[in-house]
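Engineer:
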Amino acid sequence: MTNHDAVSEGIDPSTPSVARMYDYYLGGKDNFASDREAAEQFIQVLPGIRQMVRENRAFLSRSVEFVARQGVDQFLDIGSGLPTRENVHEVAHRVTPEARVVYVDIDPIVLSHGRALLEDNPHTSVVQADMREPELLLTHPEIDGVVDFTRPVAVLLTAMLHFVPDEAVVTRILTAIRERLVPGSHVIVSHAFEGDVSAEVHEAGQRPYRLTNAGGLTSRGPERLAELMEGLEILEPGVVPVHAWRPASPEDGEDVVIDLTAPGILGLVGRR
Ligand code: SAM
47 MTNHDAVSEG
57 IDPSTPSVAR
67 MYDYYLGGKD
77 NFASDREAAE
87 QFIQVLPGIR
97 QMVRENRAFL
107 SRSVEFVARQ
117 GVDQFLDIGS
127 GLPTRENVHE
137 VAHRVTPEAR
147 VVYVDIDPIV
157 LSHGRALLED
167 NPHTSVVQAD
177 MREPELLLTH
187 PEIDGVVDFT
197 RPVAVLLTAM
207 LHFVPDEAVV
217 TRILTAIRER
227 LVPGSHVIVS
237 HAFEGDVSAE
247 VHEAGQRPYR
257 LTNAGGLTSR
267 GPERLAELME
277 GLEILEPGVV
287 PVHAWRPASP
297 EDGEDVVIDL
307 TAPGILGLVG
317 RR
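Residues 47 to 318 in my numbering are what the sequence shown lists, from first letter to last.
1) Using the beta-carbon count (16 or more within 10 Å), is Ala145 buried or exposed?
2) Would you say the stretch 87-98 touches the stretch 108-122, given that touching needs at least three Cβ pairs under 8 Å?
3) Output the residue ranges of the alpha helix (DSSP H) runs that lie fully inside the stretch 109-150 and measure 4 residues or longer, sorted by chain position.
4) Using 10 angstroms around the beta-carbon of Ile304, count the other beta-carbons present and answer buried if the total reaches 16, otherwise exposed.
5) Going by other Cβ atoms of all chains shown within 10 Å of its Cβ, with 16 needed for buried, is Leu128 buried or exposed?
6) Taking only three categories from DSSP, how would you classify Ile152?
7) When every heavy atom of ligand 1 is checked, does at least one fall within less than 7 Å of the C-beta of Ser265?
8) Which runs of the alpha helix (DSSP H) fall wholly inside the stretch 178-248 and span at least 4 residues, in chain order?
9) What is the rounded straight-line gap between the Cα of Pro62 and the Cα of Ala175?
10) Decide if Val148 is buried, meaning its Cβ has at least 16 other Cβ atoms within 10 Å, or exposed.
11) Quick check on Glu225: buried or exposed, where buried means 16 or more other Cβ atoms within 10 Å of its Cβ?
12) Mind checking whether the beta-carbon of Asp305 lies closer than 7 Å to any heavy atom of ligand 1?
13) Take Pro154 and list the residues in its own chain whose beta-carbon comes closer than 7 Å to its own, dropping the five residues that flank it on each side.
14) Taking DSSP as the reference, what is the three-state secondary structure of Ile319?
15) Specify, as a first and last residue, the run of the alpha helix (DSSP H) that Leu274 falls within.
16) Check whether the Cβ atoms of Leu271 and Val286 lie closer than 8 Å to each other.
17) In whole angstroms, give me the CA-to-CA distance for His169 and Pro93.
18) Shorter than 7 Å, the distance from the beta carbon of Arg292 to the closest heavy atom of ligand 1, or not?
19) Whose C-alpha, out of Asp81, His135, Gly74, is nearest the C-alpha of Pro59?
20) So is the beta-carbon of Gly160 under 7 Å away from any non-hydrogen atom of ligand 1?
21) According to DSSP, simplified to helix, strand and coil, what is Gly251?
22) How about Leu106: is its Cβ closer than 7 Å to a heavy atom in ligand 2?
23) Comparing C-alpha positions only, which one of Ala260, Asp119, Arg178, Val243 sits nearest to Val192?
24) Can you list, in chain order, the residues of its chain with a C-beta nearer than 6 Å to that of Ser109? Leave out the 5 residues immediately preceding and following it.
25) Round the Cβ separation of Ser158 and Val137 to the nearest angstrom and send it over; I've been treating them as touching at under 8 Å.
26) Considering Cα atoms alone, identify which of Ala85, Lys75, Ser171 is closest to Leu263.
27) Using a threshold of 7 Å, is the CB atom of Ile152 nearer than that to any non-hydrogen atom of ligand 1?
28) Out of Gly267, Leu257, Asp166, Leu184, state which residue places its alpha-carbon closest to the alpha-carbon of Asp151.
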């Protein structure tokens with residue numbers, strides 16, 4: 047996409063977008079100079095970020111497959127990001143070909159690329175909405191009309207709640223979702239956690255994210271994430287770095303190291 051095309055679709059190429067920076071970390075091509083510059087600054091602070099986002103995608107894949115195997119056939123992926131490999135519908139459709147998947151994101155570029163990719167897929171849709179208004183989002187006609195909330199749903203909030211700094215808003219998001227879900231539903235969360243980094247490293251990591259459309263990056267630890275799942279049963283193995291959440295094979299599990307002093311992405315799955 048050229049800068050000119052972007053602007054005509056309401057996309058601002060000059061402000062780094064967290065969706066496009068994430069695409070850059072993953073080696074994608076849907077990003078502009080401003081995104082690459084901010085992402086490179088963050089890579090200087092946290093060189094492991096590219097590996098971490100790949101592990102986050104692998105967690106998303108394993109958790110969606112797990113939930114689909116529990117019989118859930120409706121997925122609401124909030125803060126879905128730009129399409130990449132192993133998107134939720136691809137994973138879910140391997141288990142249940144008719145599974146319904148709704149992608150939701152605030153960034154217009156996600157809408158534009160998502161719609162182009164999914165136009166021939168009758169079981170998926172893409173909606174632009176803001177998670178900070180959870181009541182509006184959950185009653186949005188393009189969501190409420192497609193997802194049947196009287197049956198189990200899996201709601202994904204992966205690598206997105208750290209873009210919501212206000213604790214009261216984050217609590218409201220999880221409360222609104224929980225109240226909407228019937229038993230058998232699942233909530234899949236992953237979240238940035240900075241561990242025990244120094245104040246200097248914290249500040250250096252904040253700098254590139256302050257320039258973005260999200261305005262910052264908020265770390266939350268295992269206790270806060272568990273608290274957000276109140277009213278849901280947190281499934282084994284609990285709140286762990288994403289690579290340690292039900293590794294794909296016992297061999298993968300053998301090498302798993304859990305170090306909560308180091309920065310990383312934590313993952314957890316709750317069941318209603
Ligand atoms: N969920 C995907 C994953 O885990 O691979 C993509 C994560 S990406 C880092 C975060 C996404 O959250 C971006 O696409 C961003 O636009 C979206 N986002 C940030 N704030 C949001 C909000 N208030 N409402 C909806 N989406 C939001």
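The beta-carbon is built from N, C-alpha and C at its ideal position, and this holds for glycine as well.
Structural biologist: Inspection of the coordinates gives the following:
1) buried
2) no
3) 134-141
4) exposed
5) buried
6) coil
7) no
8) 180-184, 187-190, 213-226
9) 19 Å
10) buried
11) exposed
12) no
13) Glu55, Gly56, Ile57, Gln174
14) With the chain covering only 47 through 318, there is no way to say anything about residue 319.
15) 268-274
16) no
17) 38 Å
18) no
19) Asp81
20) no
21) helix
22) As for ligand 2, it is missing from this structure, which binds only ligand 1.
23) Asp119
24) Ile234, Val315
25) Contact flag wrong, Cβ pair sits at about 23 Å.
26) Ala85
27) yes
28) Leu184
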